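Remarks on the structure that follows.
In this note's numbering, the protein residues as written are 818 to 960.
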């Protein structure tokens, strides 16, 4: 086997992996997903953000990382006990890793803190989902 055949096989492998990433992302978006960036480890320099697709599953918000071939969600955020601590615009270094026009929400729950960045339409849907909790629960807004 020559160098050209080996290089061709490597390129074919890379193309197959890229096609799998694209197919997974398109499938998640067609099932009602929204573009969302998420980070659970905070960094003052704007690092730690990962692009993904969020999907509502009843009382949970499932987040799937874009560069993952796993079948299940990478993060599962429960609506029960979820509170929004702060809302802000992204800083300069953060903007590259977020959807266009994103707003950053710092959220707190029993499982810890997480920051979620999403565009205006996805933000409206997320806030509506959070407010539509079953009767008897308080609205989770921080003052």
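For each residue, glycine too, the CB sits at the ideal point set by N, CA and C.
Keep in mind that this is a model prediction, so the values were computed, not measured.
Distance from the CA atom of residue 829 to the CA atom of residue 843, rounded to whole angstroms, is 21 angstroms. As for any beta strand (DSSP E) of minimum length 3 sitting wholly inside the stretch 861 to 944, the runs are 867 to 874, 877 to 882, 892 to 895, 900 to 905, 920 to 926, 929 to 935, ordered along the chain.
Note that the stretch 892 to 909 does not touch the stretch 825 to 841; fewer than 3 beta-carbon pairs, one per stretch, sit closer than 8 angstroms. The beta-carbon distance between residue 936 and residue 917, rounded to whole angstroms, is 6 angstroms. This is short enough to meet the 8 angstroms contact definition. The C-beta separation of residue 841 from residue 886 comes to about 7 angstroms, placing the pair in contact by the 8 angstroms criterion.
Counting only the Cα atoms, residue 930 lies some 13 angstroms from residue 896. Closest by C-alpha distance to residue 867, out of 877, 856, 874, 927, is 856. At a Cβ-Cβ threshold of 8 angstroms, residue 850 and residue 870 count as neighbours.
Between the beta-carbon of residue 853 and that of residue 939 there is about 6 angstroms, and that keeps the pair under the 8 angstroms contact cut.
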